[in-house]
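>
There are 2 protein chains.
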Amino acid sequence: MTHHVVVVGAGFGGLAATHGLAGSDIKLTIIDQRNHHLFQPLLYQVGTATLSTSEIAWPIRHLVRKRKEVTTLLGAVTGIDMQNRSVLLEDGGTVSYDTLVLATGARHAYFGHDEWEPYAPGLKTLEDATLIRRRILLSFERAERETDASRRDALLTFVIVGGGPTGVELAGAIAELAHHNLPDEYRHIDTRRARVVLIEAGPRILPSFTDDLSAYAHAALERLGVEIHLGSPVSNCSAEGVIYGDRVLAAKVILWAAGVRASSAAAWAGLPADNAGRARVEPDLTAPGHPEIFVIGDTATINAWNGKPVPGIAPAAKQQGIHVARVIKARLNGDTAPRPFRYQHSGNLATIGKRAAVIDFGTVKVRGWLAWWVWGLAHIYFLIGVRNRLAVALSWLWIYVSGSRNACLITQGEPASKAR
Amino acid sequence: MTHHVVVVGAGFGGLAATHGLAGSDIKLTIIDQRNHHLFQPLLYQVGTATLSTSEIAWPIRHLVRKRKEVTTLLGAVTGIDMQNRSVLLEDGGTVSYDTLVLATGARHAYFGHDEWEPYAPGLKTLEDATLIRRRILLSFERAERETDASRRDALLTFVIVGGGPTGVELAGAIAELAHHNLPDEYRHIDTRRARVVLIEAGPRILPSFTDDLSAYAHAALERLGVEIHLGSPVSNCSAEGVIYGDRVLAAKVILWAAGVRASSAAAWAGLPADNAGRARVEPDLTAPGHPEIFVIGDTATINAWNGKPVPGIAPAAKQQGIHVARVIKARLNGDTAPRPFRYQHSGNLATIGKRAAVIDFGTVKVRGWLAWWVWGLAHIYFLIGVRNRLAVALSWLWIYVSGSRNACLITQGEPASKAR
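If you're matching them up, the sequences are chains W and X in order.
Okay, so the first sequence: first residue is 0 according to numbering that gives the first Met the number 0, each after it adds one.
Okay, so the second sequence: first residue is 0 according to numbering that gives the first Met the number 0, each after it adds one.
(1) Could you have a look at S263(W) and say whether DSSP puts it in helix, strand or coil?
(2) Which chain X residues are close to W397(W), counting only those with a beta carbon under 7 Å from its beta carbon?
(3) I'd like to know whether the C-beta of H3(X) is nearer than 9 Å to at least one C-beta of chain W.
(4) In this structure, how does DSSP classify K65(X) when only helix, strand and coil are distinguished?
(5) Anything in chain W within Cβ reach of C236(X), meaning under 8 Å, just list it in chain order.
(6) Identify each residue in the stretch 88 to 106 of chain X for which the Cβ-Cβ distance to at least one residue of chain W is less than 8 Å, and report them in chain order.
(7) Any residues in the stretch 312 to 346 of chain X with a beta carbon nearer than 7 Å to a beta carbon of chain W? Which ones, in chain order?
(8) Would you mind stating whether V94(X) and L88(X) have Cβ atoms separated by less than 9 Å?
(9) Going by CA-CA distance only, name the one from L382(X), L20(X), G162(X), A9(X) that's closest to H3(X).
(10) What do you reckon, are the CB atoms on L122(X) and H378(X) nearer than 9 Å?
(11) List the residues of chain X that G406(W) touches, going by C-beta distances under 7 Å, in chain order.
(12) Where does A9(W) fall in DSSP's three states?
(13) Give the straight-line distance between the Cα atoms of E239(W) and S149(W), rounded to the nearest whole angstrom.
(14) Identify which residue in R338(X), K307(X), C236(X) has its Cα closest to the Cα of T285(X).
(15) DSSP three-state call for A275(X): helix, strand or coil?
(16) Put K417(X) into one of helix, strand or coil per three-state DSSP.
(17) Does the stretch 148 to 162 of chain X touch the stretch 185 to 196 of chain X, meaning 3 or more C-beta pairs lie closer than 8 Å?
(18) Measuring only between beta-carbons, confirm whether H35(W) sits less than 9 Å from chain X.
(19) Name the DSSP beta bridge partners of C236(W), please?
(20) Quick check on F293(W): does DSSP put it in helix, strand or coil?
(21) Please list, in chain order, all residues of the same chain as A392(X) whose beta carbon is under 7 Å from its beta carbon, the five residues on each side excluded.
(22) On the three-state DSSP scale, how would you describe N332(X)?
(23) Which residues in chain W have a C-beta closer than 7 Å to the C-beta of T70(X)? List them in chain order.
(24) Identify whether V373(W) lies in helix, strand or coil by the three-state DSSP scheme.
(25) Quick one: measure Cβ to Cβ for P287(X) and P271(X), integer angstroms, because I've assumed they're closer than 8 Å.
(26) Report yes if the C-beta distance between Y342(W) and W395(W) is below 9 Å; otherwise report no.
(27) Between T410(X) and chain W, is there a C-beta pair that is closer than 9 Å?
(28) Taking DSSP as the reference, what is the three-state secondary structure of A249(X)?
(29) At the level of alpha carbons, what is the spacing between A406(W) and D147(X)?
(30) Taking Cβ-Cβ distances below 7 Å as the criterion, which residues of the stretch 225 to 256 of chain X are in contact with chain W?
(31) Based on the DSSP output, what are the partners of A299(W) in its beta bridges?
(32) With 9 Å set as the bound, which would you pick, yes or no: does the beta-carbon of P290(X) sit closer than that to a beta-carbon of chain W?
(33) Less than 7 Å between C-beta atoms, sequence neighbours within five positions excluded: which residues of the same chain meet that for H187(W)?
(34) Excluding the 5 residues preceding and the 5 following A48(W) in the sequence, name in chain order all residues of the same chain whose CB lies nearer than 6 Å to its CB.
(35) Which residue wins for smallest C-alpha separation from F110(W), given the options V365(W), A177(W), G375(W), W255(W)?
(36) So who's on the other strand from V100(W), going by DSSP bridges?
What follows is the structure in structure tokens.
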């Protein structure tokens with residue numbers, strides 16, 4: 000029987016493992032509950048009407064169509080029968096494995112306040128992004144027709160909770176949308192007066208960057224017109240707005256960029272996990288006591304970055320996927336020597352609006368317009384396929400030159416008027 | 000007081016009227032229940048995963064951003080108070096007018112069988128198109144995992160009801176998707192064996208074309224692998240499939256392209272209407288007894304094409320919008336001479352898959368690859384803005400050369416597994 004590798008999740012980690020196993024004498028099955036791989040680092044640009052959905056997503060089965068040994072299944076996993084080495088699917092189906100790679104990622108988390116989610120959506124899927132785009136654009140539309148001044152102010156107040164890269168990128172993009180792209184289009188409101196408020200519980204934004212890059216980003220965001228509130232944990236989110244510190248802020252659009260929680264993979268496999276639900280894995284990324292199960296990416300936690308935890312970013316998931324493929328190939332060749340994973344950090348990147356970014360390569364630090372170009376080129380480079388690189392480059396160039404955003408579409412959900 | 004023109008509906012007719020009134024000393028308000036103008040002639044390409052949503056839609060307020068006298072409102076109209084010359088909105092708001100242009104288009108219609116809609120969606124909005132794309136792609140996904148042969152056959156049977164241009168274009172595009180683009184991507188099913196069945200109640204497809212173009216299109220569709228059933232009115236649509244003539248066909252995807260019904264505009268204004276709900280208008284496109292109200296496009300019916308009814312196509316709506324703008328401008332100048340609308344027919348176009356189309360310019364008839372190129376260039380020409388022309392041209396070129404469709408995204412609605 001050919002060795003069967005089952006990869007659950009076609010994110011950066013799962014795809015890297017799949018690519019790494021090309022040419023091996025195995026069968027491989029990819030299971031994902033969506034039919035597309037998503038380039039999450041640019042998801043905030045779909046949420047803020049810069050890019051369209053198809054520019055950052057690829058049908059999984061198309062990506063592996065030339066690998067005849069690879070089968071793609073659309074399905075939701077609900078558990079693992081470790082005794083029988085079988086993955087359980089929501090529709091009652093099962094898929095048996097010889098080796099299992101769990102790469103199911105993370106969702107945003109509300110620190111025990113899941114009741115905030117309807118009022119403060121996070122950004123992890125294409126549906127999240129179109130929902131956020133819809134809320135932002137509808138809020139301007141409603142403000143245009145609102146006659147009550149305080150209700151109008153609430154409609155024109157956009158709150159982003161969480162000062163990490165996603166929060167910073169969302170805040171910068173919304174500020175540009177409101178202050179630069181939309182003013183011409185409205186008659187009764189001045190979108191330049193919209194407030195974009197970034198709330199961070201800690202003492203500074205971008206805590207994974209150095210102090211000076213963090214301070215630069217802070218100043219660059221303020222130049223874009225973003226209000227930043229530090230040291231202010233949010234204590235409530237509702238349809239009326241947010242409460243943070245001892246302040247109440249009326250706001251109709253709240254976006255959540257404050258925390259993540261791993262998928263349920265650790266629970267399926269009954270593995271020890273940390274507070275965020277991430278499985279604690281062995282040095283070679285296998286589940287404790289189960290060398291046939293690997294857990295990688297945002298679903299796992301491991302101190303493999305010079306003794307520190309590996310960060311939850313795309314390059315880390317990719318490196319883990321590549322590592323897992325190497326271990327599996329070595330085993331197929333009868334080599335079972337221990338192969339601990341070591342994370343190589345290539346840098347932290349975050350962009351702040353149209354012409355500023357911060358990059359920390361460790362020894363080299365770049366900020367401003369040069370960092371912005373490096374950021375843009377790096378992201379185009381890491382997109383999959385020539386076609387999407389062209390499409391994204393065209394979209395960016397267009398917005399850069401003309402200032403007009405083509406992706407300002409309100410779709411999905413109830414008709415506009417019913418959402419009021 | 001500046002004369003206030005209210006245009007309800009930002010389709011081809013409403014936008015043409017708005018553009019035609021540029022430079023006049025008026026105020027103008029556009030009301031639409033969506034925030035975007037949609038290029039409906041290419042909507043079937045979104046439904047069949049060729050184009051993405053943002054490539055054929057434009058935010059309305061962006062299109063008129065430079066016209067400071069134009070206000071755009073997102074809102075659903077529920078009625079007209081003709082006494083007080085006021086448009087009533089669903090949220091209780093009102094907008095008063097001096098002149099009203101009703102250009103609210105049409106929806107698909109089920110000839111008194113609205114209960115078929117859940118099983119046989121039609122194609123009029125971006126949401127319709129993403130729903131159809133979702134159903135088509137999910138059906139292949141489900142077939143890939145289906146072990147029962149007859150259920151698998153039903154999942155791989157795609158029925159299109161209605162042999163007009165939309166039905167022909169959908170059938171051709173689905174046949175190409177199944178027979179040319181997808182085969183590489185599946186392991187358990189042969190998508191080339193998918194059945195694409197076009198059912199037409201009348202004696203031939205494309206009845207608005209000449210007999211020989213219709214016969215050519217018939218043969219071209221069959222070459223693509225489409226089964227065509229003529230003279231077969233559909234008598235039932237359900238979750239199991241369709242019944243047409245005396246035949247029962249098990250099919251999990253049914254698409255409706257058989258009929259349209261005008262929006263409720265005639266009812267709002269209490270106007271006489273035909274069977275399809277289209278308002279019967281005066282020769283100058285005004286409502287009988289109400290010279291201050293114009294009704295145009297798919298919402299109206301008028302025998303202004305050498306005594307025949309004006310067809311429900313984009314160029315007709317545009318010509319009517321331009322005509323209305325001329326009448327309004329003349330009136331503002333004190334010229335109230337009667338100005339009957341006359342429709343100039345420039346031709347009928349329909350495309351059949353990747354390299355064939357039929358065009359009837361009246362005296363000149365073109366078919367085959369040349370017609371396909373004319374069709375493609377004409378549609379790119381009529382798209383709004385350089386950016387979308389570039390984007391659509393890039394998408395088409397890419398598919399033409401590589402055969403890979405980037406827009407194969409399943410989004411919206413319940414997670415994949417719940418749809419089973």
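No residue lacks a Cβ here, since even glycine has one placed at the ideal position from N, Cα and C.
Working from what's here:
(1) Sequence index remark: in the first sequence, residue 263(W) carries index 264 (1-based). DSSP places S263(W) in coil when its eight states are reduced to three.
(2) Indexing the first sequence from 1 puts residue 397(W) at position 398. The answer, in chain order, is R386.
(3) Taking the second sequence and counting its residues from 1, the one referred to as residue 3(X) is at position 4. No, because no Cβ of chain W sits closer than 9 Å to the Cβ of H3(X).
(4) Taking the first residue of the second sequence as position 1, residue 65(X) is located at position 66. Coil at K65(X), not helix or strand.
(5) Position 237 of the second sequence, counted from the first residue, corresponds to residue 236(X). Per Cβ cutoff of 8 Å: no residues; C236(X) is ~24 Å from chain W at best.
(6) L88, E89, D90, G92
(7) none
(8) As a working mapping, residue 94(X) is identified with position 95 in the second sequence. As a working mapping, residue 88(X) is identified with position 89 in the second sequence. Against a cut-off of 9 Å, the Cβ pair of L88(X) and V94(X) comes out as a contact.
(9) For this step, residue 3(X) is matched to residue 4 along the second sequence. Answer by Cα proximity: L20(X).
(10) In the second sequence, residue 122(X) corresponds to position 123, counting from 1. In the second sequence, residue 378(X) corresponds to position 379, counting from 1. Contact flag unset, no.
(11) The sequence position of residue 406(W) within the first sequence is 407, counting from 1. According to the sequence provided, residue 406(W) is Ala. The question's Gly does not apply to it. In chain order: S53.
(12) Your numbering for residue 9(W) matches position 10 in the first sequence. In this structure, DSSP gives A9(W) a state outside helix and strand, which the three-state scheme calls coil.
(13) Here residue 239(W) is taken as the residue at index 240 of the first sequence, counted from 1. Here residue 149(W) is taken as the residue at index 150 of the first sequence, counted from 1. So the alpha carbons of these two residues sit roughly 12 Å apart.
(14) For the purposes of this step, residue 285(X) is identified with residue 286 of the second sequence, where counting begins at 1. T285(X) has its Cα closest to that of R338(X), out of R338(X), K307(X), C236(X).
(15) If you number the second sequence from 1, residue 275(X) lands on position 276. Looking at A275(X) - three-state DSSP - the assignment turns out to be coil, as it is neither helix nor strand.
(16) The residue given as residue 417(X) occupies position 418 in the second sequence. Note on K417(X): pLDDT 33, under 50, position unreliable in the model; no value is reported.
(17) yes
(18) In the first sequence, counting from the first residue as 1, residue 35(W) sits at position 36. Yes, H35(W) lies at the interface with chain X (some Cβ there is under 9 Å from its Cβ).
(19) Residue 236(W) sits at position 237 when you count from the first residue of the first sequence. BP columns for C236(W) point to V241(W).
(20) Sequence index remark: in the first sequence, residue 293(W) carries index 294 (1-based). The answer is strand: DSSP assigns F293(W) an E or B state.
(21) Indexing the second sequence from 1 puts residue 392(X) at position 393. So the list reads I379, once near-sequence residues are dropped.
(22) As a working mapping, residue 332(X) is identified with position 333 in the second sequence. Note: N332(X) maps to coil in three-state DSSP.
(23) Position 71 of the second sequence, counted from the start, is the residue given in the question as residue 70(X). By Cβ distance, chain W contributes R186.
(24) Residue numbering aside, residue 373(W) sits at position 374 when the first sequence is read from its first letter. V373(W) falls in the helix class under three-state DSSP.
(25) Within the second sequence, numbered from 1, the residue matching residue 287(X) stands at position 288. Within the second sequence, numbered from 1, the residue matching residue 271(X) stands at position 272. Yes, they are in contact, since the Cβ atoms of P287(X) and P271(X) sit about 7 Å apart, within 8 Å.
(26) Here the question's residue 342(W) lines up with position 343 in the first sequence. Here the question's residue 395(W) lines up with position 396 in the first sequence. Not a contact, by the Cβ cut-off of 9 Å.
(27) As a position in the second sequence, residue 410(X) is number 411, starting the count at 1. Yes, T410(X) lies at the interface with chain W (some Cβ there is under 9 Å from its Cβ).
(28) By one-based count along the second sequence, residue 249(X) stands at place 250. Three-state result, A249(X): strand.
(29) Counting from 1 along the first sequence, the entry for residue 406(W) is found at position 407. Counting from 1 along the second sequence, the entry for residue 147(X) is found at position 148. About 42 Å.
(30) none
(31) By one-based count along the first sequence, residue 299(W) stands at place 300. According to DSSP, which records beta bridges pairwise, A299(W) is partnered with A278(W).
(32) Start at 1 with the first residue of the second sequence, and residue 290(X) comes out as number 291. Taking Cβ atoms only, chain W never reaches closer than 9 Å to P290(X), which makes this a no.
(33) Counting from one through the first sequence, the residue named residue 187(W) turns up at place 188. E143, listed in sequence order.
(34) The sequence position of residue 48(W) within the first sequence is 49, counting from 1. Excluding positions up to five away in sequence, the list reads R132, R404, A406, C407.
(35) Residue mapping note: residue 110(W) aligns to position 111 of the first sequence, counting from 1. Checking every option, the nearest Cα to that of F110(W) belongs to W255(W).
(36) Translated into the one-based positions of the first sequence, residue 100(W) becomes position 101. Looking at the DSSP assignment, V100(W) forms a beta bridge with V6(W), F293(W).
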